[in-house]
Structures are given as C-alpha cells and as structure tokens.
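Right, one structure below, let's go through it.
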Amino acid sequence: MSSSSFQLVFIFCFSILLLLIMSTSMQTVSAATTNKASAKTYKKFIKSACNSTTYPKVCYKALSPSASAIKTDTNKLCNIALSFTLNATYNASSSIDSLSKMKGLSPSEKEITHDCAETTGEAIDELEKSLKTLANLQGSDHKADEMNDLKTWVSAILTDEYTCTDEFDGQKVSKAVKNTINKSVLYLAQLTSNCLTLFNLLDY
255 MSSSSFQLVF IFCFSILLLL IMSTSMQTVS AATTNKASAK TYKKFIKSAC
305 NSTTYPKVCY KALSPSASAI KTDTNKLCNI ALSFTLNATY NASSSIDSLS
355 KMKGLSPSEK EITHDCAETT GEAIDELEKS LKTLANLQGS DHKADEMNDL
405 KTWVSAILTD EYTCTDEFDG QKVSKAVKNT INKSVLYLAQ LTSNCLTLFN
455 LLDY
C-alpha cells in the first residue's frame, strides 16, 4: 500500500471513530438532559400532591427522595407514603419501648411509656394491614369498600397516636420523657395525617 493510500485509510478510520465518539457523547448528553427533566417533573408531581396535605414540608421531605420510583403514579405515591410511615413507626416504637424500660422512671412515667409502647405496637399491625390492602387494591373487585376500610384504619391509628401525649395531662412527667414521646409521636401523627389526605387522590 502506498503512503498516500495509507494516509487516506487512516483519515477515513479516524473520521469514523470521531463520529462514533461524538454520537455517543450526544446520546449521553441527551439522556442526562431527559433524566434531569424527568426528575424535575416527578418532584413537581410530589410537591403538588404534598401541597394538599396538612403538613406539606414533612410530606415532601419524606417522599421526594423516592421521586424516581413514584414518577407520576398516585398509587405508588400512596404506597411509599404509607411504607415510610410504617418504617417511622418501627423506629418510634423501638425508641419508646427502650424508654419504658429505663431505670428511674416514676410510676406514672412507667405507665405512660408502657401504654404508648403498646399503642405504637398496635399502630404497626394496623399499618402493615393497611399497606397490604393498598398494595392489592388495584386488582380488587371491592375497591370502594376496601378504600373506606383503609381510611378507617389509618384514622384510628391517628387517634391512637395522640392518646400517647394526652396521657401527660395532670401527670408529673420529666422533660426528657415528654420530649422523647412528643418528638416520636407527633411526627408519626403528621405522617399519618398526610397519608389520609393523599388517599383522597386515588381514583377508587
């Protein structure tokens, strides 16, 4: 092969390689732009849904990290909101249960923390049942009835959560005990309240 022919072949191959690199780069940039636009759309959807709740900031903070899983699906939104609430209840239950076993608690503090530990334990059972019902709702022949049951259960959980703090009335409770329970229970109540509002977005 002559020197000039070799140069032509080299230039042709180099041009092809350069075109492939440019094409790949453009596809990467395009995909990144699309992903960024999608993420913005998904978070906007979550923000809009959360704005209908009583505690929109709590709602958005809880759900926005799952934007890529939720996308713009209301059913997934509610499932993840309820799952997040269940996980938060596990954590609160563990915290309150540990508190109830601390040494040095007064009789009234022992009673309050024990009752509250039982309440959060029951809330876990109800939330697990609610989550299972919600997950199977799309394939159900009795969507309206099961949706009503779901709302009733979650409303009952919300009422029970507030009973933990109601027990403080007229009782001598240390600041440490009161703060621990308040922090855990009031956060759960906010999450639970938000779930109830988000359920209204479901078309059942």
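Here the sequence shown stands for residues 255 to 458, numbered as in this note's numbering. Backbone N, C-alpha and C define an ideal beta-carbon position, used for all residues, glycine too.
Rounded Cβ spacing between residue i and residue j (contact assumed at less than 8 Å)
i, j, result
"L385", "L455", "At roughly 17 Å, the Cβ-Cβ gap does not stay under 8 Å, so L385 and L455 are not in contact."
"S447", "Y344", "Incorrect: roughly 19 Å between the Cβ atoms, too far for contact."
"A371", "E415", "About 13 Å; that fails the 8 Å criterion."
"L336", "L391", "Not really, about 11 Å apart at Cβ, beyond 8 Å."
"I366", "V427", "6 Å"
"I435", "T413", "Incorrect: roughly 16 Å between the Cβ atoms, too far for contact."
"L450", "S394", "So it is not a contact: roughly 20 Å between Cβ atoms."
Where the alpha helix (DSSP H) through residue i begins and ends
i, result
"F422", "That residue, F422, is in no alpha helix (DSSP H); it is neither H nor E in DSSP."
"N244", "Any property of residue 244 remains undetermined from this structure, which presents the chain solely from 255 to 458."
"D369", "P361 to A389"
"N448", "K429 to F453"
"L456", "Careful: L456 lies outside any alpha helix (DSSP H) and carries neither H nor E."
"P310", "P310 to L317"
"S322", "A321 to I324"
Neighbourhood of residue i by C-beta, 6 Å cutoff - its chain only, sequence neighbours within 5 removed
i, result
"T326", "F299"
"A316", "F338"
"S320", "I334"
7 Å Cβ shell around residue i - same chain, five flanking residues per side excluded
i, result
"S318", "K297 and I300"
"D242", "The displayed coordinates of the chain run from 255 to 458. Any statement about residue 242 would go beyond what the structure contains."
Closer than 7 Å to chain C by CB, residue i
i, result
"S292", "Among the chains of the structure shown, chain C does not appear; only one protein chain is present."
Where residue i falls, given that 16 or more other Cβ within 10 Å makes a residue buried
i, result
"A398", "exposed"
"S322", "exposed"
"E363", "buried"
"S347", "buried"
"T229", "Past the boundaries of the shown model lies residue 229; the chain is included only from 255 to 458, so the question cannot be answered."
"A303", "buried"
"T417", "exposed"
"L274", "exposed"
"A377", "buried"
"S360", "exposed"
Sequence-distant residues of the same chain with beta carbon closer than 8 Å to residue i, five excluded per side
i, result
"A285", "Residue placement at A285 is poorly supported in this model, since its pLDDT is 49, which falls under 50; the coordinates still yield a value, given next. Correct list: empty, nothing qualifies."
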